[in-house]
Amino acid sequence: MRHLVSPLKYQNDEFGLLIALCILVVIFILPVFSKALRQNMEILIVFWVLVGLHQITAFLNAYIFKHTLIGAHYDAYTFHLVAQRTAINEEWVFKIGGFFYTEFLGAIYRWFGTSHFLGEQLSILAFAFSCIVFIKIQDQLGMVRYRIYSLLAFGALPTMIIVGSITLRESYQLLFFMLSVHLGIAMQLKGRLNIYYILFVLSALTMGCLHNVLIIYSILMIVLFFVWNLRPYTYSWRIKKIHLLAVVVIPVLLACVMVFSETSVPGNSRISSLIGLGSTPGHADDLWDLTVGFRGSSMLQEGRASYGVILDNSSLFTTIYSSLKMYMYYLFAPFPWQVMNIVDIYAACESFMRMTLIWFSLKHWHNAYGVNKRTISLLFILYFSMTIMWATGTTNYGTAIRHHMLTWWILALLGIPFLIEKIHCIWSAWLPGRRSKSLNLAGKV
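The numbering used here puts the first residue of the sequence shown at 29, with every later residue one more than the last.
Here it is, written out as structure tokens:
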């Protein structure tokens, strides 16, 4: 039997560019199909500005600087080349992690052409959908005041613009992480069995397929949403149905992951080792040694951006101290004494902004009440658990900047309203005779 000729044989970069331009148009007219984006002119303008900045970055990287922009000349271009080779050679093998992304991108290239601009447009499309999900989560929390500032802070972060405009998988990880949270909150607020259960699980698992570690995190996130209670206590009888479903669903998911981890599919050795060590009695030390060894080998390969924090498990005190130091460096490095060039200055500014928004987000949590406080508590659990996960395997602030992109939206969502409120208070204090319009945001956001 003769093999079918690959559709790629009939396509070329010009056709791929045509499809990319069609996606570009779809991105800009997305408000026509999304009520969240067209609910007022301010949101519409901010959305167009954000995707416009992404488009400019994508065009410069694809046609002017030729894959040499910051962040676009290593992993991003490698993903593009591997996807091209996958499309041409039809090397289709399901693998969790970077392979999952390159095979998805390769499938698009196979049918529509191997234009690099097409791969970038898909990343921008994922970002555009993330903006919609961001607004929907704002609506779920009732955060209608200063929502424009939050959306602008979310999408205009330079890291978001650069990383979200090239062929990296972070745009997709961000989208499915945010979508999982949105669907999980909707599932909880509905209070009874509904379609959100299935959509939430599928979204979380899709996020997990994009990274070897995220597949473990996605299972833990599913467990968290099934056992967390957002509803008032008067509705606790409805929540018990969720807990009952969790008793059935969660063991099945864990069993599937464990079975999958034992298969011989290449690229899943990290999952197998993590689950194998974690599920074997008496092997907790081996799991810790695996983490320490991974960080040690990573530090040997890192350059100037490495912050050189090792995990010292020689005693309980050194274990706690080195773990806390590792996490602080992941969150806030580079520190002032580590700043040496313009990139370090940007990274330090982003770290300072992150520190500021963590403070105002905590203030938001302190002032909130009812369902909002329980929802914000859930978001904090997600933020700190994901950052701790990334901190464990990250040894330089260059890589950390990319990882922070996945959790930045939580800080923009929770911290920006209180930051803007504080700025308004200071501004009003500097204007004699002007009455402050500051309101208590606890009941407004």
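No residue lacks a Cβ here, since even glycine has one placed at the ideal position from N, Cα and C.
The DSSP-derived three-state label of Ser-334 is strand. The straight-line gap separating the alpha-carbon atoms of Gly-219 and Thr-347 is approximately 42 Å.
If you look at His-432, you'll find it in the alpha helix (DSSP H) that goes 425 to 432. Look at Gln-83 here: in three-state DSSP terms it is helix. With a contact defined as Cβ atoms closer than 8 Å, Val-191 and Met-433 qualify at about 6 Å.
Take the alpha-carbon of Leu-81 and the one of Ser-343: they are about 50 Å apart. In this structure, the CA atom of Gly-183 is about 18 Å from the CA atom of His-210. DSSP places Asn-395 inside the alpha helix (DSSP H), whose first and last residues are 370 to 395. Membership of Thr-130 in the alpha helix (DSSP H) is indicated by the continuous run 126 to 140.
Here Asn-257 carries a coil assignment [DSSP, helix/strand/coil]. Closest in alpha carbon position to Glu-42, among Val-54, Leu-406 and Tyr-137, is Tyr-137. With respect to Leu-196, Phe-107 sits close: the two C-beta atoms are nearer than 8 Å. With contacts defined as CB atoms closer than 8 Å, Tyr-200 and Met-414 fail to qualify as a contacting pair. Under the rule that a run must span 4 or more residues, the alpha helix (DSSP H) segments found entirely inside the stretch 149 to 237 read 175 to 184, 186 to 191, 198 to 218 and 224 to 237. Gln-366 and Ala-100 have their C-alpha atoms spaced approximately 24 Å apart. In chain order, His-392, Trp-393, Ala-396 and Leu-442 place their CB closer than 7 Å to the CB of Ile-404, counting only its own chain and leaving out the 5 sequence neighbours on each side.
Pro-445 and Thr-114 have their C-alpha atoms spaced approximately 45 Å apart. Between Val-79 and Ile-152, the C-beta spacing is below 8 Å.
Shown here, Ala-64 sits in coil according to DSSP, grouped into three states, outside any helix or strand. DSSP, reduced to helix, strand and coil, places Ala-104 within a helical segment of the structure shown. Only exposed fits Phe-122, as fewer than 16 other CB atoms lie within 10 angstroms of its CB. The Cβ atoms of Leu-52 and Gln-112 lie no closer than 8 Å to each other.
Each residue's CA atom was taken as its position, placing Arg-402 and Gln-168 some 12 Å apart.
Contact annotation, Tyr-355 with Ile-416: C-beta distance approximately 6 Å; criterion of less than 8 Å satisfied. Here DSSP, grouped into helix, strand and coil, assigns Glu-118 to coil. Per the coordinates, the alpha-carbon of Ile-373 lies some 13 Å from the alpha-carbon of Ile-429. Shown here, Ser-143 sits in coil according to DSSP, grouped into three states, outside any helix or strand. Counting along the chain, Asn-400 sits inside the alpha helix (DSSP H) bounded by residues 398 to 421.
In the DSSP assignment, Thr-347 falls within the alpha helix (DSSP H) that extends over 344 to 360. Taking 8 Å as the cut-off, the Cβ atoms of Leu-65 and Ile-57 do not count as close.
When only Cα atoms are considered, Phe-388 and Ser-143 end up about 43 Å apart.
A direct Cα-to-Cα measurement between Arg-175 and Leu-339 gives close to 40 Å. Residue environment for Pro-364: exposed (fewer than 16 other C-beta atoms within 10 angstroms of its C-beta). Between the C-alpha atoms of Ala-156 and Ile-454 there is a straight-line separation of about 34 Å. Rounded to the nearest angstrom, the Cβ distance from Ile-165 to Met-206 is 7 Å, consistent with a contact under 8 Å.
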